[in-house]
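Under the working numbering, read the sequence shown as residues 12 to 155, first letter to last.
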Amino acid sequence: MKKCFHIFFQSKSHKSSNNVTENLPSPAEMRSLVQHGLILSDYIHLIRDNERTWICPDPCESRTIFLKKGSVVISKDGLYYIHAQATFKGPIPSLKTSVILFINNTTLTVKRLLSEATLFGPGTISLSRLYRLKSGDNILLEIN
12 MKKCFHIFFQ SKSHKSSNNV TENLPSPAEM RSLVQHGLIL SDYIHLIRDN ERTWICPDPC
72 ESRTIFLKKG SVVISKDGLY YIHAQATFKG PIPSLKTSVI LFINNTTLTV KRLLSEATLF
132 GPGTISLSRL YRLKSGDNIL LEIN
């Protein structure tokens, strides 16, 4: 099973005339834009190893997003584009697999569901959304 988790910090608005965020670039396009200093100012790319631990394969030099104890900690208020993807191959112990995104911050004692995507059988499942997050928010991703 392959797993990846991207969080992008959006420093400049990408809005239509009716003030609704739309037409965000794909994760590959966003990484390219980040490299050229456009639209996004910061991002983190994580993969999950065989021990089910999130690791940063690239140098984690993010200024606003940090990996800490299996969750992503937000250090600056703003818009964040979150993309998570998992590919399930071969026999799957359960027919139902899911990618679940949670938030927990200093004022919450329990984690709160942000989004969930479900797949029945082998294949690729992904979850992508834009969120307004605050400093101190912790983002957790579970893949079942």
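Ideal Cβ placement from N, Cα and C applies to all residues, glycine included. These figures come from a predicted structure and were not determined experimentally.
Approximately 5 Å separates the beta-carbon atoms of A95 and L138; this is inside 8 Å, confirming the contact. In the DSSP assignment, G89 falls within the unbroken beta strand (DSSP E) covering 89-99.
Per DSSP, the unbroken beta strand (DSSP E) holding G134 starts and ends at 134-144. Distance between I154 and F131, taken at the CA atoms: about 13 Å.
In the structure shown, the three-state DSSP call for S82 is strand. Residues of the same chain with a CB within less than 8 Å of the CB of G81, apart from the 5 flanking positions on each side, are T64, W65, L151 in chain order.
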